[in-house]
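Heads up, the sequence shown is in this note's numbering, so the first residue is 993 and it goes up one at a time.
Encoded as C-alpha cells, the structure appears first; notes follow it.
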Amino acid sequence: MSSIAKGKKLFDWAIVRPAILDSFCKLSPRRQFRNPVMFVVLVGSVLTSLLFVQALIGKGEAGPWFILGISFWLWFTVLFANFAEAMAEGHGRAQADSLKKARRDLVAKKLSNPRRDSSLEMVLASLLKKGDVVLVEAGDYIPIDGEVIEGVASVDESAVTGESAPVIRESGGDRSAVTGGTRIISDWLVIRVTAESGNTFLDRMIAMVEGAKRQKTPNEIALTILLAALTIVFLVVCATLLPFSYYSVLQAHQDQSRVVTITVLVALLVCLAPTTIGALLSAIGIAGMSRLSQANVVAMSGRAVEAAGDVDVLLLDKTGTITLGNRQATEFIAADGVSMEDLADAAQLASLADETPEGRSIVVLAKQQYNLRGRDIEKLGAKFVPFSAQTRMSGVDLDGRQIRKGAVDAIEKFVISHGGVTPDKIRQMSQKIAKSGGTPLVVADGAKALGVIHLKDIVKGGIKERFGDLRRMGIKTVMITGDNPMTAAAIAAEAGVDDFLAEATPEAKLELIRRYQAQGHLVAMTGDGTNDAPALAQADVAVAMNTGTQAAKEAGNMVDLDSNPTKLLDIVQIGKQTLMTRGALTTFSIANDVAKYFAIIPAAFALTYPSLNTLNVMGLATPNSAILSAVIFNAIIIVFLIPLALKGVKYRPMPATQLLRKNLLIYGVGGLIVPFIGIKLIDMLLVVLHLV
C-alpha cells in the first residue's frame, strides 16, 4: 500500500500543528470573504472586540466581561471554522508531499531518432519536450511521462502506486504508457515523451490532491449561495430590530425597559445564521477528495467526486472486474469408455509446459482431484508442442503418444488426421459448456478423443452481494464484454448484474452511454485502452487505469493508481458519502438554528419586552447567561463536528428515500434536541462558576 493509501491519522500532530497556524493566517478578510457566513462572524468578532475596549474605558453598552465573553467565543467560532478547513487541506498536502518525493529532476538519454542504436545526448529531464525520444535502461528512472515505442521491460511503479510488484511495459497495446519518476528494473525501453515538463501526470496528481487548489463543485456553490442568502436575511432582520427596540422603549416609558445592545444583536445574528454548516462546508468538500486520494484515486476535479455520488448507472468490464480475469479449469468430463483418471493424466501431461493461467489451472485441478503430482519432465523425455494461433492447440509427444488439448474443431481435425472419430458425447458436452458461458477444451491421444476440460470465467467472491447493495441504492449495473451474447448472459446471471452489453465495440459502448444519458441518467465507467477513450470522455464519471494508455488517462476525469477496475464501486460510495455528509450537517445546522431561536430570542429582548420571559421554556438563569450559553454552544458544536466532517457520515447501502428518512431522524431531530440540552448545561455551568 502506498503512502497515499496509508494517509495520516485524523489528528496527526504533523498536520494539526500547521493547521493551527494556518487558522490564524486564514483570518485575512480577503480569504474569509470566500465564505460569506464566516465573514459575517469575523466582522461580528471585530465589532464586539471594539465594544469591549469601549466598555473598559467606562462607556460600554453592557458589562465589559459579558462583551468579552461574547467576543471570545465569536473569535473561537471563526478560528475553528478555519481549523477544520486547514485540517482537510493538511491531509491533502500530506498526500501531495509523498508524491513529490517521486518527482525528480533527472538526466535523460535523448535519442536523435526513434531507434535504440541511434546517437544520444544527455539532457536534463526538465528540458525535454513533447515528441522527444529517450532511452531508459535497467536501473534508470523514467524522466517524464511517455509512451513506449520499442522494447519490453519490468518497471517499478511503487513510488506512484505503492505496489511492490513490478509491472511489464511494452510497445503497443494497453501497457505502453509510463509515468515519470518510476524506475526500470530490467531490460530497456525507448520512450516518446507525451507531456511537457511541468505538466506531467505526476504534476497533475500533486495539484489535484492539494486541497487548497480544489475548485468548488456546482452543488457546493449553490449551497454557499443559499447560506449567504439566509445570512443576509438574518442580517437585515437583526439590523431592523435595533430601531424597533428604541421605539418600543420610548413608547413604554418604563424604567425597566432597556434598548437591546449591539453585542446581543451580533450574538443573535451569529446564533441564527447557519454557522455550523458554513464553518464546515469547505472541509467536507476537501475531505471528500482526500478520501479518494487515500483510496489511491486521483480526481481531476471536485465535480467528478460530486458526480460519483449522483451516479445511477455503472458500466463495468467483465474481465478483471466481475471475473478474476483468467479462465480456470473447473472439471474433467470423460468420453465413454475413458476413465476420469486417464483423462486427467493426459490433460496434465499436455499442460505441464503451458505457462498460461488456463494451463496451470489444469495441472492444479488434476493434482487436487486425482493426486497427480511429482512428474519429472526431464525423465519423461517429453517433447512439448506449444500453442499457436494457427493450430489452436498444444500438447506433448512422449513414448510414442501424441497428446493434444485445444479448441473443439482443432482437436476434431487432429483426431481425423490420425484416423479417428470424435464421439457425439464430446460434441454435446462442448456445446453445453459453451451455452453455460464456459470454454470447452478437448483432449485427445492420437486418434482417440479422451474427453473435455471445462474452463470457466470465475466470478469474484462477494461481487454479487456488492451488486445487490448497489441495486438497493438505486444504481443499475451493466456488464460490458467482448463475449458472445450466450456466454455474456450466463456470466451476467451468475454475477447478478442488471444488464449486459455483449460483443462490445468502442462505438457500441459510446452509444450505450449516450442512450442512458439521454434518459436522464448519470453514467460511470472504467477503462484502460485507447479504444475506451471515446466512452470515457462521454461518461459522467470516467475512471482510467494508471497502467492504461495515455489516451485513456487524458479522457478520464479520475485515475486509479492501483489500476483495480473494481475501484469504481468504492469511488461511487465515497462520492455518495461526501453528499450524505454535506446533507446531514446542513440538516443538523438548520435544526440547530430552530432550537437556538427558543434560547436566545426571549433572552435578547426580555429587557425590552418583559412579557417575553414567559417564552423562556428552557428556564435559563438570566438574559446574559442565555445569550452567552447559546454563543458558546454555537462555537463548541463546530469542534465536535470536525471529525464527522473529515471522516464523513458512515455510508450504508439503502434506497434514497430510506436514507433521507434516516438522516432527518438522526440529524434533523438530533439537531433540534441537542441544543436544548447543550445550552441548558452550559447555562448551569456558568451559574455555578459565577461567570454571569
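In this text, a Cβ means the ideal position worked out from N, Cα and C, and glycines have one as well.
CA-to-CA, the gap between residue 1004 and residue 1010 works out to about 11 Å. Straight across, the Cα-Cα distance linking residue 1592 with residue 1604 is about 11 Å.
Within the same chain, 1037, 1040, 1041 and 1044 come within 7 Å of residue 1063 by CB-CB distance, once the 5 residues on both sides are set aside. Contact annotation, residue 1336 with residue 1361: C-beta distance approximately 6 Å; criterion of less than 8 Å satisfied. For the 7 Å CB-CB criterion, residue 1410 and residue 1322 do not form a contact.
With fewer than 16 other Cβ atoms inside 10 Å of its own Cβ, residue 1016 counts as exposed. C-alpha of residue 1108 to C-alpha of residue 1541: approximately 22 Å in a straight line.
Inside the region 1462-1503, DSSP marks whole beta strand (DSSP E) runs of 3 or more residues at positions 1468-1472 and 1491-1493, from first to last along the chain.
Put simply, the backbone Cα of residue 1018 is about 22 Å away from that of residue 1624. Listed in chain order, the non-local C-beta contacts of residue 1530 below 7 Å within the same chain comprise 1502, 1505 and 1506, local neighbours out to five positions each way being set aside.
Beta-bridge pairing by DSSP links residue 1323 to 1446.
Non-local beta-carbon contacts of residue 1588 in its own chain, meaning distances under 8 Å to residues more than five positions away in sequence, involve 1263, 1264, 1622, 1625, 1626, 1667 and 1671 in chain order.
Shown here for residue 1177: same chain residues with a beta carbon closer than 6 Å to its own, the five before and five after excluded, namely 1146, 1148 and 1158 in chain order. The alpha-carbon of residue 1617 is positioned some 42 Å away from that of residue 1566. Burial check for residue 1459: the Cβ neighbour count within 10 Å reaches 16 or more, so the residue is buried.
Counting only residues of its own chain and dropping the five nearest sequence neighbours on each side, residue 1269 has a CB closer than 6 Å to the CB of 1577, 1578 and 1581. Separation of residue 1636 and residue 1684 (C-alpha to C-alpha, rounded to the nearest whole angstrom) is 32 Å.
Comparing C-alpha distances from residue 1634 to each of 1653, 1573, 1678 and 1661 shows the shortest one belongs to 1573. DSSP places residue 1572 inside the alpha helix (DSSP H), whose first and last residues are 1559-1596. Here DSSP, grouped into helix, strand and coil, assigns residue 1601 to coil.
Here residue 1614 carries a coil assignment [DSSP, helix/strand/coil]. The residues 1450 and 1452, in chain order, have a CB closer than 7 Å to that of residue 1316 in the same chain once the five nearest residues on each side in sequence are set aside. For the pair residue 1443 and residue 1327, the CB atoms are nearer than the 7 Å cut-off. In the structure shown, residue 1382 adopts coil according to DSSP, grouped into three states.
In this structure, residue 1255 lies away from residue 1534, with their beta-carbon atoms at least 7 Å apart. Rounded to whole angstroms, the gap between the alpha carbons of residue 1548 and residue 1272 is 29 Å. Here the alpha carbons of residue 1536 and residue 1675 stand approximately 55 Å from one another. Within 10 angstroms of the beta-carbon of residue 1610 lie 16 or more other beta-carbons, which makes it buried. In this structure, DSSP gives residue 1401 a helical state, which the three-state scheme calls helix. In this structure residue 1482 is in contact with residue 1429, their Cβ atoms being roughly 3 Å apart against a cut-off of 8 Å.
Excluding the 5 residues flanking it on each side, residue 1357 has same chain C-beta neighbours closer than 7 Å at 1321, in chain order. No Cβ-Cβ contact shorter than 7 Å links residue 1330 with residue 1340. Residue state for residue 1103 is assigned as strand, using DSSP reduced to three classes.
DSSP places residue 1168 outside both helix and strand once states are collapsed to three, so it counts as coil.
The residues 1618 and 1675, in chain order, have a CB closer than 6 Å to that of residue 1612 in the same chain once the five nearest residues on each side in sequence are set aside. Counting of Cβ neighbours within 10 angstroms places residue 1554 among the buried residues, the total reaching 16 or more.
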